[in-house]
Each structure stands twice: as C-alpha cells, then as structure tokens.
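Right, one structure below, let's go through it.
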Amino acid sequence: MCRRLLMMALLSAAFILMVADSVLAQTVGQGTAELFQYHRGMDVFFMLMLVAFLMLFIKRYQWGVCLATLLVFAVAWPLYLLIHSEFLGLSLGIEAAIQAAFAAITLVIAIGVFLGHISTIHYILTAVLFVPAYMFNEWFMFGYLAGVADAGGSILVHVFAAYWGLGVAMGLRNPSVADEPKRTTVHSVSFVWLASMLLLVLWPSFVTALLPANEVIPAMINCFLALTASVLTTYLACYLLQRKIDPLVYTYAILAGGVAIGATVNLVTPLTAWIIGALGGIISTLSFIYVDGWLHRRTGVLDTMGVHNLHGVPGIFGGLVAMVVAGAPGSQAVAVLGAILIGLVTGIGSGVVLRVFPRPELMLDDAEAFPMEEARSGEADVAEPTPAMAAAGSSMVRETS
Amino acid sequence: MCRRLLMMALLSAAFILMVADSVLAQTVGQGTAELFQYHRGMDVFFMLMLVAFLMLFIKRYQWGVCLATLLVFAVAWPLYLLIHSEFLGLSLGIEAAIQAAFAAITLVIAIGVFLGHISTIHYILTAVLFVPAYMFNEWFMFGYLAGVADAGGSILVHVFAAYWGLGVAMGLRNPSVADEPKRTTVHSVSFVWLASMLLLVLWPSFVTALLPANEVIPAMINCFLALTASVLTTYLACYLLQRKIDPLVYTYAILAGGVAIGATVNLVTPLTAWIIGALGGIISTLSFIYVDGWLHRRTGVLDTMGVHNLHGVPGIFGGLVAMVVAGAPGSQAVAVLGAILIGLVTGIGSGVVLRVFPRPELMLDDAEAFPMEEARSGEADVAEPTPAMAAAGSSMVRETS
Amino acid sequence: MCRRLLMMALLSAAFILMVADSVLAQTVGQGTAELFQYHRGMDVFFMLMLVAFLMLFIKRYQWGVCLATLLVFAVAWPLYLLIHSEFLGLSLGIEAAIQAAFAAITLVIAIGVFLGHISTIHYILTAVLFVPAYMFNEWFMFGYLAGVADAGGSILVHVFAAYWGLGVAMGLRNPSVADEPKRTTVHSVSFVWLASMLLLVLWPSFVTALLPANEVIPAMINCFLALTASVLTTYLACYLLQRKIDPLVYTYAILAGGVAIGATVNLVTPLTAWIIGALGGIISTLSFIYVDGWLHRRTGVLDTMGVHNLHGVPGIFGGLVAMVVAGAPGSQAVAVLGAILIGLVTGIGSGVVLRVFPRPELMLDDAEAFPMEEARSGEADVAEPTPAMAAAGSSMVRETS
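Residue numbers (the numbering used here), protein chains in the order written: chain Z, 1 to 401; chain U, 1 to 401; chain X, 1 to 401.
In structure tokens form, the structure reads like this:
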C-alpha cells in the first residue's frame with residue numbers, strides 16, 4: 001500500500017510540476033516574447049519614417065514627401081486597428097499593432113509611385129481607400145489560401161505596395177508629372193544614403209517582427225546575409241553595366257535582398273539566403289536600368305520613386321522562390337498573382353476616385369503645400385533667378401522658371 | 001496514517017513548488033523587465049539627441065544647438081545620479097539611469113526657450129542650476145503629493161521644461177535676440193522633419209520607460225493613437241487657419257499628442273487616447289499661431305524654439321485631463337500648478353544668476369563658438385557677399401550683413 | 001517505513017523540482033538573454049552605418065564614404081561568419097553575428113585612415129585582406145593570451161582599427177591625397193554632428209553587446225558616465241587650447257570616453273568610469289591638435305578621418321588602464337602591443353597588395369565613382385564656375401577648378 005502511496009505522491013508531484021511548468025513556460029514565453037516583439041515593432045515604425053527619407057532626393061520636393069508620409073500613416077494605422085478590433089472583433093495587442101504598422105508601411109511605399117500626382121490633402125482619402133484593399137489581400141493570402149510562406153512580407157507588403165501604387169497612378173492618368181523637373185543636390189541625395197543605410201540595418205526587425213521568438217535569430221542572420229549579398233551584387237551590376245554608380249539606383253537596389261528574402265527568411269539555409277539576396281540585387285538593378293523606361297512608355301505612368309523596381313520585381317521574385325523551398329507551391333503562386341491583381345484592381349479603383357478631385361496646381365513641388373519663399377531665397381540651386389544672376393545672364397536657373 | 005502521509009507529501013510538494021514558482025517568477029519578472037527597460041531607456045537617450053535636431057532650422061545656428069545639447073546632457077545626467085545615489089542614498093540601476101535621462105531631456109527641451117541668449121560655456125552652469133530645481137519638483141509631485149498620474153511626463157518633463165525655460169529667459173532679459181535673423185533653408189528644415197518623424201516613432205518608449213512591463217503594450221498603442229491623431233488634426237488646423245502648412249508649426253505640433261497623453265497613457269481607453277491626442281494637436285497649433293506672439297509681446301521674451309507651444313500648453317492640457325480620468329483630481333491640479341510655479345521661480349532665479357555673466361557677442365550664431373569661415377565661404381545662402389555678388393549688386397546677401 | 005516513504009516522496013519531488021527548475025532557468029536565461037542580445041546587436045549594426053556619417057564632412061566626398069562603408073560591410077560580415085562556421089566549425093548564433101559585426105565595424109573605422117587613397121572597387125579586396133588579420137588578432141587576444149580584459153573592444157576594435165588602417169596607408173604610399181581639397185559646408189558638418197550624437201547614445205549597446213545579461217545595466221551606466229565626462233572635458237580642452245571649438249575635433253573626441261572605457265566597462269566603479277572617460281576626451285583632443293600633424297610629417301601618411309586620434313590613442317589608453325584594474329597586467333600589455341604590431345604588419349602587407357592596382361584618377365571626390373554633374377550643377381559651393389560667375393569674375397570657385 002505504501003508503495004502505491006509513494007507512486008501516488010510522486011505522480012501527484014509530477015502532475016503539479018507539469019501544470020506549474022506549463023504555466024511558467026507560458027508566462028515566460030508570452031511575456032518575454034511580447035516584450036521582445038515590442039522592440040522589433042518599434043523598429044518597424046522607425047523604418048516607416050525612413051522610407052520617406054529614402055524618397056527625399058528631389059530637393060524642391062522634400063517636405064511634401066515627409067508630410068504625405070505622416071498623413072497616410074496617421075490615417076492608415078488607426079483605421080487598420082479600428083477595423084481589426086471593432087469590425088472583426090480581434091484583440092488589440094502587440095501583434096495587431098505590428099500588423100497595422102505593416103499596412104501603414106505598405107501604403108508609404110505605395111504612394112512612392114504617385115507622389116506629386118495628387119494634392120496633399122487627398123493623401124487622407126488615399127489612406128481610407130487603401131486600408132480595406134490591403135486587409136482584403138491579407139485575408140486572401142492567409143485566410144483564404146493555406147500554407148502561403150511570407151513571414152517577411154515579400155508579397156503582402158512589397159508586391160501589393162508596388163501594384164496598388166501602379167494601379168492608382170493608372171487610374172489617376174496624370175502624365176504631365178513626367179515633365180516636372182526632378183533636380184537632385186549633393187545633400188538631398190545624402191539624406192537618401194542615410195535612409196537606405198539605416199533601413200538596411202533595421203530590416204531584420206521587419207522580417208522577424210511576426211515570427212515566433214525561437215525563429216528570430218536564424219532569420220536575422222539570413223536577412224543580413226541576403227542584404228550583404230545585394231549590396232555587393234548591386235554594386236557589381238551597376239559597375240559592369242554603367243561604369244559609374246547611379247546613386248538613385250544603388251541606394252534603392254541594395255535593399256532588394258531584404259525584399260526578396262521576406263517570403264523565405266525563416267525557411268532557408270544561410271547560403272540560400274545569400275543567393276536569394278544576390279539575385280534580388282541584380283534583378284532590381286536590371287529593373288531600374290531596363291524595365292523602368294519600358295513600363296513608363298507602355299503604361300504612360302511615371303513611377304516617381306521607382307517603387308516597381310525595388311519592391312515589385314524583387315517581391316515577385318522572392319514570393320516565387322518560396323514555391324521551391326516552402327510546402328505549398330500552388331498557394332504560393334496564387335498568392336503572388338492575387339497580390340498583383342487585387343493590388344491593380346483596387347488601386348485603379350482608388351485612382352479613379354482620386355481623379356474626381358482637382359489636380360494639384362504644382363506637382364513634385366513643396367510650394368503646393370508650404371510657404372517656400374524664405375527657405376528657398378538665396379539658395380542658388382533652388383532659387384528663382386536673383387537680380388544679380390539675371391543681370392549677369394546667369395544659367396543658374398531652375399528648369400521650371 | 002498513510003493518507004496523512006500522502007497529504008503531507010502532497011502539501012510538501014505544493015509548498016516547494018510555490019517557493020520555486022515565486023523564485024522563478026521573480027527571476028523572470030525582474031530580469032526580463034530590467035533587460036526590457038534597458039532598451040526603452042536607450043530610446044529615451046536617442047530622443048534626447050533628436051530634440052537637438054528638432055531645433056536645427058536656423059541654418060547659421062545649427063552646430064551651436066548641438067553643442068549646447070551635449071553640454072547640458074553631459075552635466076545634468078551624472079549630476080542627477082550623483083545626488084540620487086550619494087546624497088539621497090538611492091540605488092543606481094536602470095530605473096535611476098532613466099530618471100536621470102528624463103531630467104536631462106527636460107533640460108534639453110527647456111534650453112530651447114533661451115538658445116542663443118547666453119554664451120556656450122554658460123550652459124554648463126545652466127545644468128548645475130537646473131538639476132536641483134528639477135529634483136525638487138519631482139519630489140513635490142511624487143514624494144509630497146499623493147496619487148499624481150504622470151507616467152509619461154506631461155507635467156514632470158514638458159510643463160516643467162517650458163516654465164523653467166521661460167523663467168530663465170525672463171531672468172536673463174535679453175530682448176535683442178528677437179531682432180537676430182533666423183533664416184531657414186530647405187535642408188536646415190529637412191533636418192527638423194527627420195528629427196520630428198523619428199521622435200514621433202520613438203515616443204512610446206518615452207512614455208512607457210518607467211511603467212511596469214505588463215502596462216507597456218497597451219500604453220504603446222495609446223501613445224501611437226494619440227500621436228496619429230495629432231498628426232492629422234495639426235494638419236487640418238494648419239490647413240483651415242493658414243491654407244499653407246508652416247513647417248515650423250507642423251513638425252512641432254504633431255508631437256503634441258505625445259506630450260498630452262503622457263499623464264494618462266496607462267489609464268485611458270484607445271478611443272480616449274486618440275481624442276486626447278487630437279485635442280493636443282489642435283491646442284498646440286493654436287498656441288503656435290496665436291499665443292506665441294501674445295506671450296512675446298506680454299513678457300518681452302522670445303521663445304526661440306516655441307517650447308511653450310509644444311511642451312507648455314499641451315503639457316498643461318494633458319496634466320489636467322488626468323483630473324477627469326485618474327483618481328486624485330486635487331493632487332493632479334496642484335501638481336500642474338506646482339510645476340508651473342516651481343519652474344518659473346527657480347527658472348527666474350537661474351536666469352538672474354546667468355545674467356551676471358557677460359552676454360554673448362553673437363546671438364543665434366555658430367560663429368559665437370566655432371570658426372565658421374571655411375564652412376560658410378562659398379555657400380550662397382549664408383555667405384558674406386562675395387566680390388562677384390557685390391559687383392553685380394546682388395540681393396543674395398544675408399540679413400545680417 | 002512510512003517516514004522513509006515520506007522522505008522518498010519529498011526527495012523525489014525536490015529532485016524533480018530541481019531538474020524542472022534548472023531546465024526552466026536555462027530556458028529563461030538563455031532565451032531571454034539571446035533575445036535581449038538581438039537588440040544590442042542591432043544597435044551595433046546601426047552604429048556601423050553611423051560611422052560612415054561621422055566621416056561625411058568633406059562635401060565633395062560624401063557618397064563615396066557611404067559606398068565604401070557598404071562594400072566593406074557587405075564583404076567582411078559574411079566572410080567572418082563563413083570562416084567562423086565553415087573553417088573553424090563554430091556555431092552560428094547571435095554571438096557570432098555580433099562578433100562578425102565587430103569585425104565589420106572595425107574595418108569601417110580602419111578605412112577612415114585611407115578613404116580616398118584607393119579606387120572604390122578595391123574596397124572589396126580590402127575587406128578580404130582584413131578579415132583574416134582581424135581574426136588572427138582576435139585569437140591572439142582571447143585564444144592565445146589569457147585574462148585579457150576588453151569586453152567593449154578598446155583593443156580588439158579601436159586599437160586594431162587605427163593601426164591596421166595606418167599600416168595600409170603606409171603600404172599604399174599615396175602622399176598626394178594630402179593636397180586634395182577637403183572643403184566642408186555647414187550641412188556636411190551637420191551630418192557629422194548627427195552621427196556623433198547618435199553614436200554616443202548607442203555606445204552602451206556596443207560595449208555591452210557580448211557581456212552576460214547581469215553585467216549589462218551597470219556597464220551601461222559606466223559607459224554613459226565615461227561619455228558624459230569626455231563630452232565635458234573635450235569642450236574644456238578645446239576651449240582652453242583654441243578658444244574656438246573645431247567641430248571636426250569636437251564631434252570626434254567626445255566619443256573617446258566610449259573608446260577608452262571599452263576594456264574596463266564591466267570592471268570599474270562609476271567614479272572610475274567617469275575619470276577614464278574624462279582623461280580619454282582630453283587625450284583624444286591633444287592627439288587631434290598636436291599628434292596628428294606630427295604623425296603626418298613623420299610617416300608621410302594622411303589619416304583622412306583622424307582615426308588615430310579618436311580610436312588609436314584613446315584605445316591604447318583604455319587598454320592600458322585595464323592593467324591597473326583587471327587581473328592580468330602582463331597579458332593586458334601584451335594584448336595592446338600585439339594589436340598594434342599585428343595591425344601594422346598585416347596592414348602594411350595589405351597596403352602593398354592594394355598598391356599593385358592603379359591609383360584612383362580622382363581622390364577624395366565622389367566623381368571617382370558617381371556621375372556628379374546634375375547634383376553639383378547650380379550648387380555654389382561645389383559647382384564648377386557657371387558662365388554667370390565666370391563673366392562676373394566670381395571668386396565662388398572651388399579650389400579644384
């Protein structure tokens with residue numbers, strides 16, 4: 001009997017231990033993981049703002065890019081959470097906050113296609129039109145389809161951003177933007193270098209933001225491997241094709257490794273990650289140099305910030321690579337195709353709606369929204385010709401004047 | 001007897017488990033929370049430096065702002081810790097490091113009122129005068145009063161910064177600063193956009209830096225909701241009142257949602273957070289457009305960086321909102337009033353002390369502290385007139401020359 | 001017997017508890033520490049990019065610095081991991097990722113000595129030559145020697161960077177770089193202020209990146225104390241010696257406190273940390289003002305970015321301070337001497353190899369790698385003389401033209 005007692009005592013102790021263990025594990029797991037996720041989430045918000053600075057190369061249109069970014073963020077992020085919690089009845093935690101940040105960053109990328117095509121105030125409406133379309137695509141990828149690999153947002157963020165943006169630009173039909181001057185200066189491009197280099201080092205937090213804690217470190221290493229690969233191959237591709245490095249190709253295409261690795265960052269070996277990144281950089285460079293002009297001629301759409309070359313093409317590549325390495329190639333292909341089609345259709349629809357409103361009087365120009373007299377006066381590279389210059393027959397005159 | 005034995009065995013096991021559980025929970029809780037707090041603290045230090053860049057719009061007075069920020073940080077942070085640990089005998093951990101960073105960031109905000117009013121070297125003395133005053137107000141709010149809600153520093157940081165700074169400017173009585181030129185350029189303001197946008201996304205780490213771990217995620221969401229609200233309402237208020245967006249109002253006032261939500265960030269629902277932020281943005285915009293000039297005429301004090309409009313007024317609003325939602329409305333009102341009065345009195349005292357020393361030869365001008373010849377020569381927008389310009393009767397001449 | 005049973009039951013329960021406890025502790029300890037280390041690691045990558053911006057003061061050579069930084073990072077980081085995991089058979093986790101980032105940041109610092117001395121494409125080869133040398137020194141310090149204190153990289157990173165870089169410059173023998181113009185502008189230096197101030201606040205993550213979790217908070221406080229001390233003493237030293245503050249001395253030397261505290265950041269009291277930082281700032285300032293020119297005359301080597309003054313001299317000082325406070329003064333001295341010698345010898349070897357390749361046609365000039373016509377045209381401070389200027393006999397002409 002005492003042996004039975006001993007057994008019972010031990011079993012009871014073991015049972016209590018198991019319960020305690022699982023409770024503790026859960027506490028530790030959830031608590032730590034959530035706190036940890038807070039900071040990866042904060043990095044995503046940081047990146048959202050840096051995306052604006054990646055687009056600051058047109059000196060006379062810097063503040064407008066910042067303002068548009070802030071406005072779409074200010075509408076899209078709370079709107080996503082509102083639909084998420086009020087209409088869909090889902091919980092409001094760090095996971096939702098990051099998903100909403102993904103939606104907002106997708107929109108910030110997408111407006112890069114048609115920045116300067118619309119008046120500043122209409123970015124508010126743009127965000128209202130975008131969020132339901134994004135959430136529909138999100139549901140299509142992860143609710144309707146099964147087994148789609150896209151932890152780091154190659155498809156959800158980058159492909160959808162590019163094609164929704166292109167759709168809007170098509171719906172808007174405002175080809176005269178292409179004729180506007182896009183003068184860069186040394187420092188306007190230095191801001192782009194800053195943004196590109198900081199985006200690069202924050203990228204691992206983006207692709208791991210929604211991963212379980214135990215997958216974060218390997219995915220971080222994969223992400224950096226893909227990015228270092230695209231930094232290198234982009235340089236070589238630029239050098240071989242054009243000898244001189246175009247900074248507005250280079251600072252963008254080096255990030256293509258991060259775009260391309262998104263779908264498979266938690267599924268591949270380090271070597272495969274490096275190869276995906278290397279190809280991503282080359283594909284993006286080729287897209288900037290060859291596809292961009294062709295697309296402009298074909299569609300009449302000026303992709304102001306080259307969104308299609310950095311996000312569209314490398315995103316499709318990354319999404320399709322997952323057909324080979326992930327489990328469900330069918331779903332994967334449908335997800336890529338779906339993001340393109342849903343993006344184009346809802347984008348064109350949004351563009352048609354935005355077209356109802358009057359066009360901006362000034363395009364790609366901060367003076368559309370801001371009083372620019374003081375800041376521009378006396379700055380040789382943006383100023384209207386001063387009397388002295390005019391008197392001397394100066395050629396230091398902006399293309400617009 | 002065996003049943004009793006079993007009971008005893010089970011009870012013993014349960015007891016051991018309980019002890020182990022509490023030990024573990026403590027380890028996990030404390031360890032994790034501290035490590036987690038390290039990074040929120042690091043974000044606060046990051047923000048301290050960004051506050052300097054928020055004030056970089058006067059092109060001929062950029063480096064001086066950076067230098068003043070570094071000097072007051074270098075004195076205030078260790079001085080707070082010295083008093084905290086040596087004189088008050090409190091422990092030196094992450095909590096103290098963050099509290100000292102709060103003191104230092106409050107001072108960096110405060111000097112915004114009188115930047116350019118004093119010589120660079122006197123910022124060292126300024127920090128020595130500030131820290132005891134700040135610590136007295138901190139003790140008044142949380143040691144003397146009971147139940148004051150101010151987790152995110154609406155009162156402790158923002159109200160105190162504004163009124164201490166105004167006090168110093170009043171004590172200094174140096175009205176001629178108002179006549180100095182404050183020329184901005186496109187890029188000097190682009191630095192301000194960068195600082196404002198990065199401050200915005202880091203703000204949740206500031207308001208949650210001293211919160212217990214379990215309150216961090218909800219407070220983060222509340223903070224972002226308040227900020228997205230003020231980004232939107234500030235735009236609408238600027239647009240409706242002035243049609244054009246003044247970037248030196250906009251880049252500042254969008255942060256007022258963060259200032260206003262500080263006192264109640266861990267106490268309100270998401271919807272209330274959004275409303276507080278929305279009102280904060282409007283109030284700050286109104287303050288920039290209407291109160292600023294009135295205050296200048298009334299007090300003769302030029303608030304160089306508009307500290308009162310971003311930190312003072314929205315801080316008071318945020319502090320008073322807590323009267324409604326928090327438990328101790330009496331304490332809350334006294335805390336706000338106390339911060340204003342303690343700030344003004346100790347600030348005026350400090351200003352009177354600083355007034356003993358000779359005034360700077362150059363005000364709002366980097367040349368007061370730095371050799372500027374090389375960096376300025378050849379830059380059309382800051383240079384003295386070159387022979388070529390003079391010969392041609394150029395109007396590209398700075399207001400000072 | 002039943003008492004024996006009870007004993008057995010309790011012992012069994014205790015044993016199970018112990019096992020469970022140790023398993024849990026390990027999970028918590030390792031898991032949390034790793035997740036925590038992820039973010040300190042991310043800060044290190046962030047700093048790597050900021051080091052580039054610390055070197056952006058020469059306006060006509062900004063983009064080239066960014067490109068060189070990206071290229072050496074893109075080669076050095078994966079190469080370190082490749083050797084680490086494939087050749088040395090070590091595991092690939094967060095520890096390795098950070099160690100590789102240390103290697104890469106050391107190289108980014110080191111190229112500061114000879115930036116502009118070689119063609120852009122040769123930075124790829126530079127990184128291939130650097131990594132084995134760095135890893136040999138790392139093995140010498142921590143594998144061959146015993147008891148060397150250098151948690152924060154005073155010796156491993158800073159001393160080695162300075163002397164390897166000087167070695168390369170000696171091997172290259174390209175003295176004509178010294179004659180190239182190095183014009184700064186207000187904003188080119190404002191980028192340096194930004195980089196310096198953000199590097200300063202991120203520094204604690206660098207010196208604690210490889211520390212065990214329980215040493216992180218005290219080391220963070222020590223690091224900030226050292227940095228606030230050097231911010232203050234650098235100002236006082238500059239002010240007393242030169243009256244005016246040279247921003248290209250100040251923005252660099254304020255970081256010397258972080259360099260100097262590296263070796264002993266986890267071993268000293270707060271007061272000692274402050275003193276080490278204070279001396280570090282003074283030593284670095286003296287090195288910039290007095291040693292720099294002497295070294296240039298002695299060796300014929302132009303240290304483009306003053307690496308020796310910020311990293312070399314304060315690094316040696318920090319490494320030697322550890323002789324007093326750490327346990328193994330002999331090892332410590334040998335480690336410092338070893339880093340200097342291994343750095344110089346392998347650096348000179350690398351320089352000799354790089355000298356085989358043709359010299360760049362343009363030095364310290366973005367036009368070596370980028371098409372600069374558009375960005376420079378119309379910018380008075382970098383532009384070739386425009387017709388208007390030429391007609392008016394303008395003096396607004398760059399030294400190069």
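Every residue, glycine too, gets a C-beta built ideally from N, C-alpha and C.
Just so it is clear, the structure is predicted and the values come from calculations on it, not from any experiment.
- Put simply, of Z/Val72, Z/Leu56 and Z/Ala195 the residue whose alpha carbon is nearest the alpha carbon of valine 128 of chain Z is Z/Val72.
- Nearest neighbour of phenylalanine 142 of chain X by Cα position, chosen from X/Gly167, X/Tyr235, X/Ala339 and X/Phe130, turns out to be X/Ala339.
- Residue environment analysis places serine 91 of chain U among the exposed positions, since fewer than 16 neighbouring C-beta atoms fall within 10 angstroms of its C-beta.
- Considering only X/Ser230, X/Glu361, X/Val356 and X/Phe140, the residue with the shortest C-alpha distance to isoleucine 275 of chain X is X/Ser230.
- CA-CA distance, cysteine 223 of chain U to methionine 197 of chain U, rounds to 14 Å.
- Collapsing the DSSP output to three states places arginine 183 of chain U in coil.
- Ranked by Cα distance from isoleucine 155 of chain U, the first of U/Thr251, U/Thr233, U/Trp294 and U/Thr106 is U/Thr106.
- With contacts defined by Cβ atoms closer than 9 Å, leucine 202 of chain X and methionine 47 of chain U do not form a contacting pair.
- From the beta-carbon of leucine 71 of chain X, the residues of chain Z found nearer than 9 Å are Val231, Leu232 and Tyr235.
- Between phenylalanine 206 of chain Z and chain U, the shortest Cβ-Cβ separation is not below 9 Å.
- Contact with chain Z is absent for isoleucine 282 of chain U, since none of that chain's Cβ atoms lies less than 9 Å from the residue's Cβ.
- Looking from the CA of alanine 253 of chain U, the closest CA among U/Val268, U/Pro132, U/Pro314 and U/Met220 belongs to U/Pro314.
- DSSP places isoleucine 275 of chain X inside the alpha helix (DSSP H), whose first and last residues are 270 to 286.
- Glycine 327 of chain X sits in coil when the DSSP states are folded into three classes, being neither helix nor strand.
- Boundaries of the alpha helix (DSSP H) around serine 230 of chain U: 216 to 242.
- Beta-carbon to beta-carbon, leucine 255 of chain Z and leucine 310 of chain Z are separated by about 6 Å, close enough to satisfy the 8 Å threshold.
- Close partners of threonine 184 of chain X in chain U (Cβ separation under 8 Å): Glu374 and Ala375.
- Two segments are said to touch when three or more pairs of C-beta atoms, one from each, lie closer than 8 Å; by this definition the segment 312 to 332 of chain U touches the segment 148 to 166 of chain U.
- When the alpha-carbon of leucine 354 of chain U is set against those of U/Asp246, U/Gly171 and U/Ala219, the nearest one is in U/Gly171.
- Under the three-state reduction of DSSP output, alanine 335 of chain Z falls in the helix class.
- Proximity of glutamate 34 of chain X to chain Z, defined by a Cβ-Cβ separation below 9 Å, is satisfied.
- Against chain X, the CB of arginine 60 of chain U has a partner CB under 9 Å away; the residue lies at that interface.
- Short of 6 Å from the beta carbon of tyrosine 80 of chain U, and not among the five residues preceding or following it, lie these beta carbons of its own chain, in chain order: Ala100, Ala103 and Val131.
- Membership of glutamate 95 of chain Z in the alpha helix (DSSP H) is indicated by the continuous run 94 to 114.
- Using a Cβ distance threshold of 9 Å, valine 159 of chain Z and glycine 257 of chain Z do not count as a contacting pair.
- The CB of isoleucine 98 of chain Z never comes closer than 7 Å to any CB in chain X; the least such distance is about 16 Å.
- The beta carbon of threonine 228 of chain U sits closer than 9 Å to some beta carbon of chain Z.
- Annotated as distal: aspartate 292 of chain U and glycine 64 of chain U, with beta-carbon spacing of 9 Å or more.
- Isoleucine 261 of chain Z does not reach chain X, its nearest Cβ partner there being about 14 Å away, counting only Cβ pairs nearer than 8 Å.
- Of all residues in the segment 101 to 122 of chain Z, none comes within less than 9 Å of chain X when Cβ atoms are compared.
- Scanning its chain for C-beta atoms nearer than 7 Å, with the 5 sequence neighbours on each side dropped, one finds around glutamate 138 of chain Z the residues Leu156, in chain order.
- In the structure shown, the three-state DSSP call for histidine 311 of chain U is helix.
- Note on geometry: alpha-carbon atoms of threonine 69 of chain Z and leucine 295 of chain X lie some 49 Å from one another.
- By alpha-carbon distance to glutamate 373 of chain Z, the top candidate from U/Cys238, U/Thr185, U/Gly312 and U/Phe36 is U/Thr185.
- Assignment of arginine 298 of chain Z by DSSP, reduced to helix, strand and coil, places it in the helix class.
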